[in-house]
Amino acid sequence: MGILPIQLLELAREKLELGRPREALKLLRSPVPEIFSAEKKFLIAEGLRSQGYFVRCEPCYRQVLSLVNPRQDASLWLEACLGLISVKRSLGEIKAARKLVKRAGPFARRPEDKRRLELEDALIDRAAGLHQRSLGRLNRFLRLFQSEKDWAGVGFILWAIGGARRFQGNLKSSELAFLESLAAFKRARDASGKAYALFGLGGITRIRGKLKQSKAYYEEAWRLLDRTQDIFGQAYAQCGLANALRQLGECANAERHYLRSRRLYSQLGDAVDLAYVDWGLGKLALQKGNFTVAESRLWKALLAFRKGGETRGIVLSEAALASLFHACGRTAWAESLFEKNWRRARKAGLHAHLEIYT
775 MGILPIQLLE LAREKLELGR PREALKLLRS PVPEIFSAEK KFLIAEGLRS
825 QGYFVRCEPC YRQVLSLVNP RQDASLWLEA CLGLISVKRS LGEIKAARKL
875 VKRAGPFARR PEDKRRLELE DALIDRAAGL HQRSLGRLNR FLRLFQSEKD
925 WAGVGFILWA IGGARRFQGN LKSSELAFLE SLAAFKRARD ASGKAYALFG
975 LGGITRIRGK LKQSKAYYEE AWRLLDRTQD IFGQAYAQCG LANALRQLGE
1025 CANAERHYLR SRRLYSQLGD AVDLAYVDWG LGKLALQKGN FTVAESRLWK
1075 ALLAFRKGGE TRGIVLSEAA LASLFHACGR TAWAESLFEK NWRRARKAGL
1125 HAHLEIYT
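Heads up, the sequence shown is in our numbering, so the first residue is 775 and it goes up one at a time.
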């Protein structure tokens, strides 16, 4: 006798909770009766999202929202809506994420649902560059999770705070927040959380010129994620490590890690993060004096950043291109681009144009 549909879905959910989305998705290939189709689609979406397939999981979440009447099954509908909000935020689609938060509001009736929705909204503020507003809201969550001794929650909030402080330009306090995040995740015995706290530390120490520390943080994060099914995290670790190696002058090693990251991001179809790899390869070529390759890579990155609305990436790419044009003797063009880029960064409240060790 075969496994019952409800047992299959429960087993798939258990696999997801254990961090084994590939096994969950394999189980979910089996057909189920129509009555279970919405829950199956939801679990497929969760499995894809947990690996970093943000573009692929979006239609699955939307199917759940269309199949489920929130007045009849508010729990499943809200779970799918929260998943989609997270995806839209991760993809930088701020307006779409805001609309979904507003749509979900009437159905977040339980205190825990209201809390999750409010946290997502605070994270959207952070993604939108409204750092001071997001920090006020995140600090309230920090106090709440500390009072509940929810150390994984504390670690996550401190990670988010560290990122907001970094982009505000408060580099020392950003590093401190990431260190506290790492300590909280260690207390929670959350290996995945530790890896993401290490990403934060790798980034902030790099732009502060602590390049050997940065390299060590990214290497430790990679060791934590190497045998997991978090493809996005693996790609991020490889790209971050490549950035640190490039700054240390280990060009061949840096290129090898950039190409590993490119393969992983390509698998995910992640255009914006692929652009960061192209930007890194462009900076690497510029460092080696290979201006033709550098210009090609940097233009490719810039176009992808523009298409994805990634302002920080645009600022970094235009800054690198301005330096390249000046080195090639195209000084007037370089000055024009530099000035336009500076105005863009100031308007967005970014400091990326000042980062020597990015």
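From the three backbone atoms N, C-alpha and C, an ideal C-beta is built for every residue, glycine too.
Bear in mind that the values here come from a model prediction, so they are computed numbers and not experimental data.
Taking the alpha helix (DSSP H) that Thr1085 falls in, what are its first and last residues? Taken as a continuous stretch (DSSP letters only), the alpha helix (DSSP H) holding Thr1085 covers 1085-1101.
Can you name the start and end residues of the alpha helix (DSSP H) that Ala1074 belongs to? Strictly speaking, residue 1074 in this sequence is Lys, with Ala absent from that position. Counting along the chain, Lys1074 sits inside the alpha helix (DSSP H) bounded by residues 1065-1082.
Within a Cβ cutoff of 7 Å, which residues of the same chain sit near Lys1074, ignoring the five residues on either side of it in sequence? If you ignore the 5 residues before and after Lys1074, its C-beta comes within less than 7 Å of the C-beta of Asp1052, all in its own chain and listed in chain order.
In terms of residue numbering, what span does the alpha helix (DSSP H) encompassing Lys984 cover? Taken as a continuous stretch (DSSP letters only), Lys984 belongs to no alpha helix (DSSP H), as it is neither H nor E.
Does the beta-carbon distance from Leu1058 to Leu1072 come in below 8 Å? In terms of Cβ geometry, Leu1058 and Leu1072 do not form a close pair [threshold 8 Å].
In terms of residue numbering, what span does the alpha helix (DSSP H) encompassing Ser804 cover? If you look at Ser804, you'll find it isn't in any alpha helix (DSSP H); DSSP assigns it neither H nor E.
Using only the alpha-carbon positions, how far apart do Glu784 and Ala819 sit? Computed Cα separation, rounded: 15 Å.
To which residues of the same chain is Ala901 closer than 7 Å at the C-beta, ignoring the five residues directly before and after it? Here the set comprises Arg863, Gly866, Ile868.
Please report how far the alpha carbon of Arg823 lies from the alpha carbon of Asp1044, in whole angstroms. Each residue's Cα considered, the two are about 12 Å apart.
For my contact list, Tyr835 and Val861 are in at a C-beta cut-off of 8 Å; report their separation, rounded to the angstrom. Their Cβ separation, rounded to whole angstroms, is 7 Å, which keeps Tyr835 and Val861 in contact under 8 Å.
In three-state DSSP terms, what is Asp1044? In the structure shown, Asp1044 adopts coil according to DSSP, grouped into three states.
If contacts are defined as beta-carbon pairs under 8 Å, then Leu891 and Gly879 qualify, I think. What distance do you get, rounded to the angstrom? Their Cβ separation, rounded to whole angstroms, is 7 Å, which keeps Leu891 and Gly879 in contact under 8 Å.
The alpha helix (DSSP H) spanning His905 covers which residue range? For His905, the enclosing alpha helix (DSSP H) begins and ends at 905-922.
If you follow the alpha helix (DSSP H) that Phe816 is part of, which residue opens it and which one closes it? First-last of the alpha helix (DSSP H) with Phe816: 811-825.
Cβ separation of Ala951 and Leu972, assumed to be a contact under 8 Å, to the nearest whole Å: 13 Å between Cβ atoms; not a contact.
Locate the alpha helix (DSSP H) running through Phe881, then write down its first and last residues. Taken as a continuous stretch (DSSP letters only), Phe881 belongs to no alpha helix (DSSP H), as it is neither H nor E.
Please confirm whether Gly826 and Ile1005 have their CB atoms less than 8 Å apart. Cβ distance < 8 Å, so Gly826 and Ile1005 count as in contact.
I need the straight-line Cα distance from Ala1018 to Leu918, nearest angstrom please. For the pair Ala1018 and Leu918, the Cα-to-Cα distance works out to about 36 Å.
Output yes if chain B places a C-beta closer than 8 Å to the C-beta of Pro805; else output no. In the structure shown, chain B does not exist; there is a single protein chain.
Hey, how far is the Cα of Leu1055 from the Cα of Ser1040? Each residue's Cα considered, the two are about 15 Å apart.
Quick one: Cα of Leu1015 to Cα of Pro807, how far? Distance from the CA of Leu1015 to the CA of Pro807, rounded to the nearest whole angstrom, comes to 46 Å.
Status (buried if at least 16 other CB within 10 Å, exposed otherwise) for Leu792: Per the 10 Å Cβ criterion, exposed.
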